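Worksheet: one structure, shown below.
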């Protein structure tokens, strides 16, 4: 009774299509699912046919002895050992035979199975029908509404699983030499729990972090990662890691010679030939996937190369630092001119453009406005009309105020310019209050009278003083 209930619960009768409409008609329903998987396993046309850049400095390859271990002759005992590692009651493929059938009848059919496997490793061609695959749909949620809420699991024939197992058993011992230490799944001698502990330590260090610098953790989930993996990328990855060409051909023969049918409510839909993707349920698929992800990590590590334009050999990925600066610049520009409430609040918080009244200002702002006495230094340089260096100076002003710190280096610079024989001079000064004092627009301040007079002392110079906003003609001093 439980089996009948389980079958009824897993039966797919209605789903939404891509535009949100419910599909209940059996023919339309089957066509929608068939079209979905044909599109999923079909290679998309790319606008860029250029091969991705090669990062030889990050390449991890096998030495000659390791490469030779991939190409040792396939022995009958190796086939038998790989075969008996298969779980006997896993769901069967299109042949309808569990592994337990072959295992219980091995004395009768063992020789025929071994010959079929050896023929593949000699000719790179699988026996007819051995690589046919059924796709069964497994629920991801309790109440699925779209086809994306089902996980496609591939059911492979037993003969193909034996071949795939042999390839896996030759690859697994060398994965630790090819894959970075942070990848733990499917790697012998590594535990996935180590990464959990490492992540908790990283988050703990982030929480204890002090200062302005902040950090964050980014979790990436690749949608349909197995199904969208292109075969030419797999071939390039195998070549990148230096795997033997013959072994790579065995892998590509297994990956690219499949014929797939979707199993819907116990019935097989029309078979189709995929042009990309690897199968969930194939013993070799997880190992191909982690090698491809390792290759992707190399692109992420070499970020400077990845952000270069495609014409220069990069991937054309935008540089996040540049984008961040552009975004902040745009935000500052909007905040300085916008009349929106958020911009007004930001200007008030930063105390820009319209500072508060001096009587109610904070102590810091009072000191800035009045001029808090303190130790100061100054300097300047003189260039000719072509921008070439002529002279420069620096001076220690000791304990002084901001206006005096502006006036004293100005006076010293004018004296040096006169000594250099300059007849015309443009002075760039960003202190408008000092310019007003020099032009006597305000009442002379007793602290700055002597310094202001010194700035007007060199009589042989024709001086133009330039502020950040107006340019004023000082005339003949």
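In full-length UniProt numbering, the protein residues as written are 1 to 477. Beta carbons: idealized from backbone N, C-alpha and C, even for Gly. No experiment lies behind these values; they were computed from the predicted model shown.
Exercise for review: Provide the residue span of the alpha helix (DSSP H) that contains residue 201, from first to last.
Suggested key: In the chain shown, counting from the first residue as 1, residue 201 sits at position 201. 192-207 is the extent of the alpha helix (DSSP H) around residue 201.
Exercise for review: Taking all protein chains shown into account, decide if residue 36 is buried (16 or more other Cβ within 10 angstroms of its Cβ) or exposed.
Suggested key: Start at 1 with the first residue of the chain shown, and residue 36 comes out as number 36. Result: buried.
Exercise for review: Could you spell out where the beta strand (DSSP E) holding residue 80 opens and where it closes?
Suggested key: By one-based count along the chain shown, residue 80 stands at place 80. No beta strand (DSSP E) holds residue 80; the alpha helix (DSSP H) holding it covers 76-83.
Practice item. Using only alpha-carbon positions, find the residue among 95, 147 and 342 that is nearest to residue 20. Key: What you label residue 20 is simply residue 20 of the chain shown in a count that begins at 1. Ranking 95, 147 and 342 by Cα distance to residue 20 puts 147 first.
Practice item. Just mark residue 274 as buried or exposed, buried being the case when its beta carbon has 16 or more other beta carbons within 10 Å. Key: Residue 274 sits at position 274 when you count from the first residue of the chain shown. Classification of residue 274: buried, given that the 10 Å Cβ count is 16 or more.
Check your understanding: Counting along the chain, where does the alpha helix (DSSP H) carrying residue 341 start and finish?
Key -> Position 341 of the chain shown, counting from 1, holds the residue named residue 341. Segment 341-350, the alpha helix (DSSP H) holding residue 341.
Check your understanding: Taking one C-beta from the stretch 232-250 and one from the stretch 287-296 each time, how about it: are there three or more such pairs within less than 8 Å?
Key -> yes
Point to revise | When 65, 187, 252 and 39 are compared against residue 232, the one with the closest alpha-carbon | key: For the purposes of this step, residue 232 is taken as the residue at position 232 of the chain shown. Considering only alpha carbons, the answer is 252.
**Study point:** Residue burial classification, residue 114 (beta-carbon count within 10 angstroms, cutoff 16)
**Key:** Here residue 114 is taken as the residue at index 114 of the chain shown, counted from 1. Its Cβ being crowded by 16 or more others within 10 Å, residue 114 is buried.
Check your understanding: Is residue 89 helix, strand or coil when you go by DSSP?
Key -> For the purposes of this step, residue 89 is taken as the residue at position 89 of the chain shown. Of the three classes helix, strand and coil, the one that applies to residue 89 here is coil, per DSSP.
Exercise for review: Examine the ligand NAD and report whether any of its heavy atoms sits within less than 8 Å of the Cβ of residue 179.
Suggested key: This structure lacks the ligand NAD; in fact it carries no ligand of any kind.
Exercise for review: State the start and end residues of the unbroken beta strand (DSSP E) segment that holds residue 152.
Suggested key: As a working mapping, residue 152 is identified with position 152 in the chain shown. Where residue 152 is concerned, the enclosing beta strand (DSSP E) stretches over 150-156.
Check your understanding: Excluding the five sequence neighbours on either side, which residues of its own chain have a C-beta within less than 7 Å of the C-beta of residue 118, listed in chain order?
Key -> Within the chain shown, residue 118 is the residue found at index 118, counting from 1. Closer than 7 Å at the Cβ level, and outside the excluded window around residue 118, lie 74.
Check your understanding: Just the Cα atoms here: how many angstroms apart are residue 61 and residue 159?
Key -> Against the chain shown, residue 61 aligns to sequence position 61. Against the chain shown, residue 159 aligns to sequence position 159. If you take the alpha carbons of residue 61 and residue 159, they lie about 31 Å apart.
Practice item. Leaving aside the five residues before and after residue 379 along the sequence, list all residues of the same chain whose C-beta is less than 8 Å from its C-beta, in chain order. Key: What you label residue 379 is simply residue 379 of the chain shown in a count that begins at 1. 392, 393, 394, 395 and 409.
Check your understanding: What separation, rounded to the nearest whole angstrom, lies between the Cα atoms of residue 230 and residue 282?
Key -> In the chain shown, residue 230 corresponds to position 230, counting from 1. In the chain shown, residue 282 corresponds to position 282, counting from 1. Cα-Cα distance, rounded: 16 Å.
Practice item. Report the residue from 305, 71, 137 and 339 whose alpha carbon sits nearest the alpha carbon of residue 10. Key: Here residue 10 refers to the residue found at position 10 when the chain shown is read from its first residue. Minimum Cα distance to residue 10 is reached at 137.
Check your understanding: Can you tell me the Cα-Cα spacing of residue 92 and residue 225, whole angstroms?
Key -> Residue mapping note: residue 92 aligns to position 92 of the chain shown, counting from 1. Residue mapping note: residue 225 aligns to position 225 of the chain shown, counting from 1. Straight-line Cα distance between these residues: approximately 24 Å.
Point to revise | Coarse secondary structure for residue 427, derived from DSSP in three states | key: Position 427 of the chain shown, counted from the start, is the residue given in the question as residue 427. Three-state DSSP puts residue 427 in a strand.
Practice item. Specify whether the stretch 119-134 and the stretch 154-171 touch according to this definition: at least 3 beta carbon pairs, one from each stretch, less than 8 Å apart. Key: yes
Exercise for review: In angstroms with no decimal places, state the Cα-to-Cα distance between residue 68 and residue 249.
Suggested key: In the chain shown, the residue the question calls residue 68 occupies position 68. In the chain shown, the residue the question calls residue 249 occupies position 249. For residue 68 and residue 249, the distance between alpha carbons rounds to 15 Å.
Exercise for review: Check the C-beta distance from residue 334 over to residue 343 and give it rounded, since I have them as a contact under 8 Å.
Suggested key: The count along the chain shown starts at 1 and reaches residue 334 at position 334. The count along the chain shown starts at 1 and reaches residue 343 at position 343. The beta-carbon separation of residue 334 and residue 343, rounded to 7 Å, stays under the 8 Å limit for a contact.
Practice item. Kindly indicate which three-state DSSP category residue 488 falls into: helix, strand or coil? Key: Outside the displayed range of the chain (1 to 477) lies residue 488, so it cannot be described from this structure.
Check your understanding: Under 9 Å, do residue 94 and residue 40 count as touching if we go by C-beta distance?
Key -> Residue 94 sits at position 94 when you count from the first residue of the chain shown. Residue 40 sits at position 40 when you count from the first residue of the chain shown. No, these two residues do not count as a Cβ contact at 9 Å.
Check your understanding: According to the neighbour-count rule (16 or more other Cβ atoms, all chains shown, within 10 Å of its Cβ), is residue 312 buried or exposed?
Key -> Taking the first residue of the chain shown as 1, we reach residue 312 at position 312. Looking at its Cβ environment, which holds fewer than 16 other Cβ atoms inside 10 Å, residue 312 is exposed.
Check your understanding: How would you label residue 29, buried or exposed, when you count the other beta carbons within 10 angstroms and need 16 or more for buried?
Key -> Walking along the chain shown from the start, residue 29 turns up at place 29. Looking at its Cβ environment, which holds 16 or more other Cβ atoms inside 10 Å, residue 29 is buried.
Exercise for review: Quick one: grab the DSSP three-state call for residue 135.
Suggested key: Looking up residue 135 in the chain shown gives position 135. Residue 135 falls in the strand class under three-state DSSP.
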